[in-house]
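**Student:** Just so you know, the sequences run in chain order A and B. Numbering of the first sequence is given in my numbering, commencing with residue 1 and proceeding in unit increments. Numbering of the second sequence is given in my numbering, commencing with residue 1001 and proceeding in unit increments. Just so you know, even glycine gets a beta-carbon here, dropped at the ideal spot from N, CA and C. Computed from a prediction, not measured in an experiment: that's the story for all the values here. Supplied in structure tokens, the structure appears directly below.
There are 2 protein chains.
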Amino acid sequence: MSLVVVGTVAFDAIETPFGKTDKIIGGAATYISLAASYHTKDIRLVSVIGDDFPQETLEMMESKGADLEGLQIKKGEKSFFWAGRYHNDMNTRDTLTTDLNVLADFDPVLPESCKTSKYIMLGNLTPAVQSRVLDQLEEKPTLVVMDTMNFWMDNALAELNKVIARVDVLTINDEEARQLSGEYSLVKAARKILEMGPRFLVIKKGEHGALLFNQNDEVFFAPALPLEEVFDPTGAGDSFAGGFIGYLADTNDISFENMKRAIIVGSAMASFTVEKFGTERLLNLTQDEISTRIQQFVDLVQFDISLVNC
Amino acid sequence: MSLVVVGTVAFDAIETPFGKTDKIIGGAATYISLAASYHTKDIRLVSVIGDDFPQETLEMMESKGADLEGLQIKKGEKSFFWAGRYHNDMNTRDTLTTDLNVLADFDPVLPESCKTSKYIMLGNLTPAVQSRVLDQLEEKPTLVVMDTMNFWMDNALAELNKVIARVDVLTINDEEARQLSGEYSLVKAARKILEMGPRFLVIKKGEHGALLFNQNDEVFFAPALPLEEVFDPTGAGDSFAGGFIGYLADTNDISFENMKRAIIVGSAMASFTVEKFGTERLLNLTQDEISTRIQQFVDLVQFDISLVNC
């Protein structure tokens, strides 16, 4: 099924304890689309860039199956730019620069072909912009997945709550789940957030894995793969989201059992992203590498409980 | 098989965001023995207390299957006392009081019946005391499991390294694994620590679960159960260790596959402990409650990967 991906396509400059980059390709929608492209081929990208964005990157995205009809290119303007520095623990970071540029007045326009799409991924953006995307849909999609962050909880909570009420799956990290719900226990936090509208909640815990909750108090946990090196966490959450919704769009099955598999696929895609700077690791994966990685997740948590006799 | 448990039997006073206790029963060996008692009945406790320790607690321990021949009771002296206060996140705590009392010159003496025991659990203690226990063994045990903490890495590293080289399984938390190895990546940390002697390493990550590594680069991950309430984390790591070695002693099988099951059993025991203050939750569990809890771990991580087709 076709997948609409809305989010930033941008430049990043990244410093980690292991090195630093000049301006490289980044943006939530870039990571989401690349990660999804290994699972589904009908991706429609909705975003905005300036005319400073490299043509070869756009061609690469198209070669991965991304339709760029919904990508606005603003003449004489600059693409969104973010620069950040990760701390030694790689779990926290400082933003050094945020140049909104074309993002400042981004008004997403869905091409006609997107208005009846069945799978919609709203990458992290101003909640009002996420709402404007949903306003343009002409048919109820099968699944709307939304990512957001604490910045909007601090600065646009009313708008954020409105869009949260309209989506099927919300993906946030553990601290954001606590902030949004006012509950420390993630079980209680999930219950409160699921009362706000979404049918499913994914709580991303970075190197500690991810939790999937539904409204029936069911919960699934996917670990993160213990990695030799975490080189650059940028885009991990977006790669997770891309693998997750890409797998669901491909299988067109939103049962809880299939969502579990989608969480594992998303976790696998994120585990690749962090192994190199930026999008590098996502550019040339093979299906064999992905299958092997998914098998590592199976091996990591698999045990034969039938023999446990307490 | 018989299980020797060496560690503290003590009083604790605990403050958490949810309440505080007066002096209650605590100590690593207490939690270890109670958690193990649901899995194996031949437990020999080696510890030291003062004559201020309640007789009914000793009788309760005996009723759970703990042999107290190796428990020294020092007339006119006081039992070890620890008081601590947990921060709001329940992951960190301040020590308010440490009264070593009888622990200051604890010299463990193994009863004859313990010197040929096959399973040995060394709870967190001065490394030199842990070594003196191993010195008294007359036959090579099947498995020696050792717990320790960052305090000994800071203050007795040479002694600590000596005893680590003599054990089969080391259990420490993630920060301690990083400190002991000098590696941030837990995969690399595990490899370095396994070169120091132990055949297996358990890295405890509290609310984020536990990792089991062996010397063949195999790894198993057990999640922590997402709980409604974490009331008091005291004793969680010791309950984990007790469930782990209790299950291994009962099944007398130290294959990696069985160790995985033991990790799940340990995680289940720890998940009970944190639901109430101190040892309360461990006193009257039923086998049904334990089986149900273990099934929750299965449900939490179980997915059918055979249907994943990437």
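Against chain B, does P127(A) count as a neighbour if the rule is that its beta carbon must be under 9 Å from one of theirs?
**Tutor:** So no, P127(A) is outside the interface.
**Student:** Return helix, strand or coil for Q1072(B), following the three-state DSSP convention.
**Tutor:** Of the three classes helix, strand and coil, the one that applies to Q1072(B) here is strand, per DSSP.
**Student:** Do three or more CB pairs link the segment 1043–1058 of chain B to the segment 1252–1265 of chain B at distances below 8 Å?
**Tutor:** Because the criterion of three Cβ pairs below 8 Å is not met, the segment 1043–1058 of chain B and the segment 1252–1265 of chain B do not touch.
**Student:** Using only the alpha-carbon positions, how far apart do I1318(B) and E159(A) sit?
**Tutor:** Given that chain B is displayed from residue 1001 to residue 1310, the structure contains no residue 1318(B) and the question cannot be resolved.
**Student:** How close, in whole Å, do the beta carbons of R293(A) and F277(A) come, if the pair is a contact with beta carbons under 8 Å?
**Tutor:** Not quite, the Cβ-Cβ distance comes to about 19 Å (not below 8 Å), so this is no contact.
**Student:** DSSP three-state label for T1030(B), please.
**Tutor:** It is helical.
**Student:** For C1310(B), which residues of its own chain have a beta-carbon under 8 Å away from its beta-carbon, when the five flanking residues on both sides are left out?
**Tutor:** Reliability of the predicted coordinates at C1310(B) is poor, the pLDDT of 47 falling under 50, and the value obtained from them is presented with this limitation in mind. Counting only Cβ-Cβ distances below 8 Å, and skipping sequence neighbours, we find nothing.
**Student:** Taking Cβ-Cβ distances shorter than 8 Å, what residues in chain B pair up with E229(A)?
**Tutor:** By Cβ distance, chain B contributes S1185.
**Student:** So which residues of chain B does L201(A) contact, with C-beta pairs closer than 9 Å?
**Tutor:** Within 9 Å Cβ-Cβ: nothing; L201(A) doesn't reach chain B, min ~12 Å.
**Student:** What distance in whole Å lies between the Cβ atoms of E112(A) and D1304(B), which are believed to be in contact at a cut-off of 8 Å?
**Tutor:** Incorrect: roughly 38 Å between the Cβ atoms, too far for contact.
**Student:** What residues from chain B crowd round P198(A), counting only those whose CB sits closer than 9 Å?
**Tutor:** Here the premise fails: no neighbours, minimum Cβ distance about 17 Å.
**Student:** Name, please, each residue of chain A whose Cβ falls closer than 9 Å to the Cβ of D1304(B).
**Tutor:** Under the 9 Å cutoff, chain A gives E257, K260, R261.
**Student:** Mind the definition here: the segment 78–90 of chain A touches the segment 219–234 of chain A only if three or more C-beta pairs lie below 8 Å; say whether that holds.
**Tutor:** Judged by Cβ distances under 8 Å, the segment 78–90 of chain A makes contact with the segment 219–234 of chain A, as three or more pairs qualify.
**Student:** Say whether chain A places a C-beta atom closer than 9 Å to the C-beta of K1064(B).
**Tutor:** Answer no: the Cβ-Cβ gap between K1064(B) and chain A never drops below 9 Å.
**Student:** Which residues in chain A have a C-beta closer than 7 Å to the C-beta of V1301(B)? List them in chain order.
**Tutor:** Result: F221, V301.
**Student:** At least one CB of chain A closer than 9 Å to the CB of L1211(B): is that the case?
**Tutor:** Chain A contact via Cβ: present.
**Student:** Establish whether the CB of D232(A) and some CB of chain B are separated by less than 9 Å.
**Tutor:** Chain B, which has no Cβ nearer than 9 Å to the Cβ of D232(A), makes this no.
**Student:** Starting from M146(A), follow its DSSP beta bridges and name the residues at the other end.
**Tutor:** M146(A) is bridged to L122(A), L170(A).
**Student:** The alpha helix (DSSP H) with E186(A) in it runs from where to where?
**Tutor:** Position check: residue 186(A) holds Leu in this sequence, whereas Glu was assumed. Residues 186–195.
**Student:** Beta-carbon within less than 8 Å of N153(A)'s beta-carbon, same chain only, minus the 5 sequence neighbours each way: which residues are those?
**Tutor:** The amino acid at residue 153(A) is misidentified as Asn; the sequence shows Met. Correct list, in chain order: L160, E176, Q179, L180.
**Student:** Consult DSSP for F1200(B) and reduce its assignment to one of helix, strand or coil.
**Tutor:** Strand.
**Student:** If you measure beta-carbon to beta-carbon, which residues of the segment 1134–1167 of chain B are closer than 8 Å to chain A?
**Tutor:** So the list is empty, because no residue satisfies the distance condition.
**Student:** Quickly, what does DSSP pair K20(A) with across the bridge? List them, please.
**Tutor:** Paired residue(s): E15(A).
**Student:** I32(A) touches chain B at which residues, Cβ-Cβ below 8 Å?
**Tutor:** Neighbours of I32(A) on chain B: none; closest Cβ ~17 Å, over 8 Å.
**Student:** Please specify which runs of the alpha helix (DSSP H), each continuous and at least 4 residues long, are wholly inside the segment 199–257 of chain A, giving them in chain order.
**Tutor:** Segments of the alpha helix (DSSP H) lying fully in the segment 199–257 of chain A: 236–251.
**Student:** Looking only at its chain, what residues have a beta carbon closer than 7 Å to the beta carbon of Q136(A), apart from the 5 residues adjacent to it on each side?
**Tutor:** Answer for Q136(A): L110, K115, listed in chain order.
**Student:** Does G7(A) get closer than 9 Å to chain B when you measure Cβ to Cβ?
**Tutor:** Cβ-Cβ to chain B under 9 Å: no for G7(A).
**Student:** With DSSP collapsed to three states, give me the class of C1310(B).
**Tutor:** Bear in mind that a pLDDT of 47 at C1310(B), under 50, signals an unreliable position, so the number given afterwards is only what the model happens to contain. Here C1310(B) sits in coil by DSSP.
**Student:** For L1307(B), which residues of its own chain have a beta-carbon under 8 Å away from its beta-carbon, when the five flanking residues on both sides are left out?
**Tutor:** Note on L1307(B): pLDDT 48, under 50, position unreliable in the model; no value is reported.
**Student:** In the DSSP assignment, what residue or residues form a beta bridge with T95(A)?
**Tutor:** DSSP lists G84(A) as partners of T95(A).
**Student:** Can you find a CB in chain A that lies within less than 9 Å of the CB of N1088(B)?
**Tutor:** True, the Cβ-Cβ gap to chain A drops below 9 Å.
**Student:** Report yes if the C-beta distance between L1143(B) and L1248(B) is below 9 Å; otherwise report no.
**Tutor:** Going by C-beta atoms, L1143(B) is nearer than 9 Å to L1248(B).
**Student:** Taking the alpha helix (DSSP H) that L160(A) belongs to, which residues open and close that run?
**Tutor:** First-last of the alpha helix (DSSP H) with L160(A): 157–164.
**Student:** Would the beta-carbon of G84(A) fall within 9 Å of that of D99(A)?
**Tutor:** No, these two residues do not count as a Cβ contact at 9 Å.
**Student:** Helix, strand or coil for V1109(B), going by three-state DSSP, please let me know.
**Tutor:** DSSP places V1109(B) in coil when its eight states are reduced to three.
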